[in-house]
Amino acid sequence: MLYRKGFLELSELLSGKKASSREIAESFIKKIKETDTKINAYITFDEKRLLKEAEFSDSRRSSNRELSPFDGIPVAIKDNINTSGIRTTCASKILENFVPPFNATVYDKLLAKGIIALGKTNMDEFAMGSSTENSCFGPAKNPYDISRVTGGSSGGSAAAVAAFMAPASLGSDTGGSIRQPAAFCGVTGIKPTYGRVSRNGLVAFASSLDQIGTFGRNVKDATTLLQVIAGYDNRDSTSINRNIDINAEQFTDNVKGIKIGIPDEYFQGINREISERIEQKIKELETLGATIKSISLKYTEYAIPVYYLIATAEASSNLARYDGVRYGFRSPDATDLSSLYLKSRSQGLGKEVKRRIILGTFSLSSGYYDAYYLKALKGRTLIINDFKNAFSQVDAIISPVTTMSAFVIGEMSNDPLQMYMTDILTISANLAGIPAISIPVGLDSNGLPIGMQIMGNHFEEQKILNIASAVESTCDEISPCI
Numbered sequence: 168m169l170y171r172k173g174f175l176e177l178s179e180l181l182s183g184k185k186a187s188s189r190e191i192a193e194s195f196i197k198k199i200k201e202t203d204t205k206i207n208a209y210i211t212f213d214e215k216r217l218l219k220e221a222e223f224s225d226s227r228r229s230s231n232r233e234l235s236p237f238d239g240i241p242v243a244i245k246d247n248i249n250t251s252g253i254r255t256t257c258a259s260k261i262l263e264n265f266v267p268p269f270n271a272t273v274y275d276k277l278l279a280k281g282i283i284a285l286g287k288t289n290m291d292e293f294a295m296g297s298s299t300e301n302s303c304f305g306p307a308k309n310p311y312d313i314s315r316v317t318g319g320s321s322g323g324s325a326a327a328v329a330a331f332m333a334p335a336s337l338g339s340d341t342g343g344s345i346r347q348p349a350a351f352c353g354v355t356g357i358k359p360t361y362g363r364v365s366r367n368g369l370v371a372f373a374s375s376l377d378q379i380g381t382f383g384r385n386v387k388d389a390t391t392l393l394q395v396i397a398g399y400d401n402r403d404s405t406s407i408n409r410n411i412d413i414n415a416e417q418f419t420d421n422v423k424g425i426k427i428g429i430p431d432e433y434f435q436g437i438n439r440e441i442s443e444r445i446e447q448k449i450k451e452l453e454t455l456g457a458t459i460k461s462i463s464l465k466y467t468e469y470a471i472p473v474y475y476l477i478a479t480a481e482a483s484s485n486l487a488r489y490d491g492v493r494y495g496f497r498s499p500d501a502t503d504l505s506s507l508y509l510k511s512r513s514q515g516l517g518k519e520v521k522r523r524i525i526l527g528t529f530s531l532s533s534g535y536y537d538a539y540y541l542k543a544l545k546g547r548t549l550i551i552n553d554f555k556n557a558f559s560q561v562d563a564i565i566s567p568v569t570t571m572s573a574f575v576i577g578e579m580s581n582d583p584l585q586m587y588m589t590d591i592l593t594i595s596a597n598l599a600g601i602p603a604i605s606i607p608v609g610l611d612s613n614g615l616p617i618g619m620q621i622m623g624n625h626f627e628e629q630k631i632l633n634i635a636s637a638v639e640s641t642c643d644e645i646s647p648c649i
């Protein structure tokens, strides 16, 4: 069963000529056909293209050319990452037939290594949501319990890896959209430092917060894929020109002398089973030689209002381009230019996207800019300084990822504020631009995954990944029965 192999396991099989890329592709095709009718992880899946790309890889290998060790491995890609020739919808009616004319930089980096796109994964429309229920293609469902959400907005990418429909995947994280679904679906998800991975070709939601990252079955798989997509890109003005100092082969699992901060604010209002499991793992790290220190991130309570003012303001600007004129959905009912704008946007955009555009437009409007948006920017600075102070005392920060396990589909649909609060433990990392990882640390009494979050200082991914690897070595492997 090749589909049960992880990213690095498939690399070893291909390098040792114990499996062909076509055999791997066929295994995933069979699994996706069997499983995705229940999960709805994929929006676009092209079997013929996948087999064709796999055959090209096998042809390259048979010619004894020097190849990347990952040549011929298929991965899933979130549907807000541009892929030339492959539909990119952002799970929105307004882009449901859009095929981009260029690749995102991260997809070019995959292609350069011979990595194949398995398909494009389901998500909250324009990455706006925490459950992958805001998709015009229907919600993705949790492989551990299909009555429950996958988390969002990268729910399809997390579910595909959890349900053995991809060995690894790409997602994007604006306020927790990689870490939260990783926690809900029991996989590893990494949000790198802002600027570590190019955003060129990522369909923008909130440009100062968006970040592309990776999912894997374990820390090494997710890290290896992150190594592939990381690096400077002059097409992204926020890209940072520095060495890719991330290496999955250099994990030591040695945490002796590492100072780990435990923020009191991140353990308030948490489900008891989740907090107890995280505290157990913290004690195990202390046994392994880490120093545990209680810290305070006192501005955490302001993270939600700060985030939802900044993110919606940037969304209001970024989504102005979907006007029914240049590309995307155009209303057939329009009679003049004004009705073209109004009807195309009203009919093409979903309820949550329209809600956030309206909120952002209001906060940027004359008379309200200083009271809302400008004040939110000042609040963001306080949160950034909070983390700077914390990292002057500790090497990493550990917390839960979510306040609860995966909730039932539809449970929060009529209460947007309650849904927004599910991001309370993840959004601060985006506001500060720091790296963070979610790793599974077990199951609760309902058989649902529990995730642990590790946050680090800017560009200190290797440090938090090493800690994550040490924690992973103390955990039993989990997987859904699907």
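Each residue of the sequence shown is one higher than the one before, starting from 168 at the first, in the working numbering. Backbone N, C-alpha and C fix where the C-beta goes; we use that ideal spot for every residue, glycine too.
Point to revise | 7 Å Cβ shell around Gln585 - same chain, five flanking residues per side excluded | key: The count along the sequence shown starts at 1 and reaches residue 585 at position 418. So the list reads Met579, once near-sequence residues are dropped.
**Study point:** CA nearest to the CA of Met588, picked from Arg228, Glu468, Glu628
**Key:** Your numbering for residue 588 matches position 421 in the sequence shown. It is Glu468.
Review point. For Ser229, which residues of its own chain have a beta-carbon under 7 Å away from its beta-carbon, when the five flanking residues on both sides are left out?
Key: Within the sequence shown, numbered from 1, the residue matching residue 229 stands at position 62. Contacts found: none.
Review point. Do you know offhand how far Gly338's Cα is from Tyr311's?
Key: The residue labelled residue 338 in the question sits at position 171 within the sequence shown. The residue labelled residue 311 in the question sits at position 144 within the sequence shown. Their backbone Cα atoms lie some 20 Å apart in a straight line.
Practice item. Note down, one range per segment and in chain order, each alpha helix (DSSP H) of at least 4 residues found wholly within the segment 399-460. Key: 439-454
Exercise for review: Report the three-state DSSP secondary structure of Pro607 (helix, strand or coil).
Suggested key: Residue numbering aside, residue 607 sits at position 440 when the sequence shown is read from its first letter. The answer is strand: DSSP assigns Pro607 an E or B state.
Review point. What's the call for Gly534, buried or exposed, on a 16-neighbour Cβ count within 10 Å?
Key: Indexing the sequence shown from 1 puts residue 534 at position 367. Its Cβ having fewer than 16 others within 10 Å, Gly534 is exposed.
Practice item. Identify every residue that forms a DSSP beta bridge with Lys358. Key: As a working mapping, residue 358 is identified with position 191 in the sequence shown. DSSP lists Ala603 as partners of Lys358.
Point to revise | CB of Ser636 within 9 Å of CB of Asp412, strictly | key: Locating residue 636 in the sequence shown gives position 469, where the first residue counts as 1. Locating residue 412 in the sequence shown gives position 245, where the first residue counts as 1. In this structure, Asp412 does not lie closer than 9 Å to Ser636 by Cβ.
Review point. Going by beta carbon distance, what residues of the same chain come within less than 8 Å of Leu549, once the five residues before and after it are set aside?
Key: Mapped onto the sequence shown, residue 549 falls at position 382. Here the set comprises Tyr466, Tyr469.
Practice item. Mind listing, in chain order, the continuous beta strand (DSSP E) runs of no fewer than 3 residues lying wholly within the segment 229-295? Key: 241-245, 283-288
Point to revise | Pair within 9 Å by beta-carbon distance, Ala573 and Phe223 | key: The sequence position of residue 573 within the sequence shown is 406, counting from 1. The sequence position of residue 223 within the sequence shown is 56, counting from 1. Cβ atoms of Ala573 and Phe223: not closer than 9 Å.
Review point. Of all the options Lys198, Val575, Pro567, Phe529, which has the alpha carbon lying nearest to the alpha carbon of Ile449?
Key: Within the sequence shown, numbered from 1, the residue matching residue 449 stands at position 282. Nearest of Lys198, Val575, Pro567, Phe529 to Ile449, Cα basis: Pro567.
Review point. Where does the unbroken beta strand (DSSP E) through Ile617 begin, and where does it stop?
Key: As a position in the sequence shown, residue 617 is number 450, starting the count at 1. Element bounds for Ile617: 616-623.
Review point. How is Tyr489 classed by DSSP in three states: helix, strand or coil?
Key: Reading the sequence shown from its first residue, position 322 is the one you call residue 489. Three-state result, Tyr489: coil.
Practice item. Could you please give the first and the last residue of the uninterrupted alpha helix (DSSP H) stretch that includes Leu509? Key: Here residue 509 refers to the residue found at position 342 of the sequence shown. Unbroken alpha helix (DSSP H) run through Leu509: 504-515.
Check your understanding: What number of angstroms, rounded off, separates the C-alpha of Glu220 from the C-alpha of Tyr508?
Key -> The residue you call residue 220 lines up with position 53 of the sequence shown. The residue you call residue 508 lines up with position 341 of the sequence shown. So the two alpha carbons sit approximately 40 Å from each other.
Exercise for review: Can you say whether Asn264 is buried or exposed, counting buried as having 16 or more other CB atoms within 10 angstroms of its CB?
Suggested key: Residue 264 sits at position 97 when you count from the first residue of the sequence shown. Classification for Asn264: exposed.
Review point. Once you ignore the five residues that flank Val328 on each side, which residues in its own chain have a CB closer than 7 Å to its CB?
Key: The count along the sequence shown starts at 1 and reaches residue 328 at position 161. Within the same chain, Val328 has close Cβ partners Ala335, Ser336, Val354, Phe382, Gly383, Arg384.
Review point. Over what stretch of residues does the alpha helix (DSSP H) that includes Ala192 continue unbroken?
Key: Translated into positions along the sequence shown, residue 192 becomes position 25. That run of the alpha helix (DSSP H) goes 188-206.
Check your understanding: Is the beta carbon of Ile437 sitting closer than 9 Å to the one on Thr458?
Key -> Counting from 1 along the sequence shown, the entry for residue 437 is found at position 270. Counting from 1 along the sequence shown, the entry for residue 458 is found at position 291. No, the pair does not count as a contact, with Cβ atoms beyond the cut-off.
Check your understanding: Whole beta strand (DSSP E) runs in the segment 543-605 with 3 or more residues, listed along the chain?
Key -> 563-567
Check your understanding: Hey, which unbroken runs of the alpha helix (DSSP H) at 4 residues or more fall wholly within the segment 290-378?
Key -> 322-329, 346-352
Review point. Is Gln378 near Gln629, with beta carbons less than 9 Å apart?
Key: Working through the sequence shown from its first residue, we reach residue 378 at position 211. Working through the sequence shown from its first residue, we reach residue 629 at position 462. The answer is no: Cβ separation not under 9 Å.
Practice item. Assess, as a yes-or-no matter, whether the segment 525-540 is touched by the segment 498-505 under the definition of 3 or more beta carbon pairs within less than 8 Å. Key: no
**Study point:** For Thr211, the first and last residue of its enclosing beta strand (DSSP E)
**Key:** Here the question's residue 211 lines up with position 44 in the sequence shown. Thr211 -> beta strand (DSSP E) spans 209-211.
**Study point:** Residues near Ile645 in its chain [Cβ-Cβ closer than 8 Å; skip 5 each side]
**Key:** Your numbering for residue 645 matches position 478 in the sequence shown. Closer than 8 Å at Cβ, skipping near neighbours: Gly353, Pro607, Gly609, Leu610, Pro616.
Practice item. Name, in chain order, the residues that DSSP records as bridge partners for Ile462. Key: In the sequence shown, counting from the first residue as 1, residue 462 sits at position 295. Partner(s): Pro430.
Review point. Based on the DSSP secondary-structure assignment, which residues constitute the bridge partners of Phe382?
Key: Stepping through the sequence shown from its first residue, residue 382 is reached at position 215. Ser336, Gly356, per the DSSP bridge assignment.
Review point. Taking contact to mean at least 3 C-beta pairs separated by less than 8 Å, is the segment 169-182 in contact with the segment 234-252?
Key: yes
Review point. Between which two residues does the alpha helix (DSSP H) harbouring Gly148 extend?
Key: Nothing can be reported for residue 148: it is not among the residues displayed for the chain, which extend from 168 to 649.
Exercise for review: Quick one: using the 10 Å Cβ neighbour count with 16 as the cut-off for buried, is Glu233 buried or exposed?
Suggested key: For this step, residue 233 is matched to residue 66 along the sequence shown. Flag for Glu233 reads exposed.
Point to revise | Leu376 burial status per 10 Å Cβ neighbour count (16 or more: buried) | key: Within the sequence shown, numbered from 1, the residue matching residue 376 stands at position 209. Per the 10 Å Cβ criterion, buried.
**Study point:** Cβ distance (whole Å) where Lys205 is taken to contact Lys308 below 8 Å
**Key:** For the purposes of this step, residue 205 is taken as residue 38 along the sequence shown, with counting starting at 1. For the purposes of this step, residue 308 is taken as residue 141 along the sequence shown, with counting starting at 1. Between Lys308 and Lys205 the Cβ distance is about 7 Å, and since that is below 8 Å, they are a contact.
Check your understanding: Three-state secondary structure (DSSP) at Ala397?
Key -> Against the sequence shown, residue 397 aligns to sequence position 230. Looking at Ala397 - three-state DSSP - the assignment turns out to be strand.
Review point. Could you give the distance in angstroms between the alpha-carbon of Glu443 and the alpha-carbon of Asp225?
Key: Working through the sequence shown from its first residue, we reach residue 443 at position 276. Working through the sequence shown from its first residue, we reach residue 225 at position 58. Between Glu443 and Asp225, the C-alpha separation is close to 48 Å.
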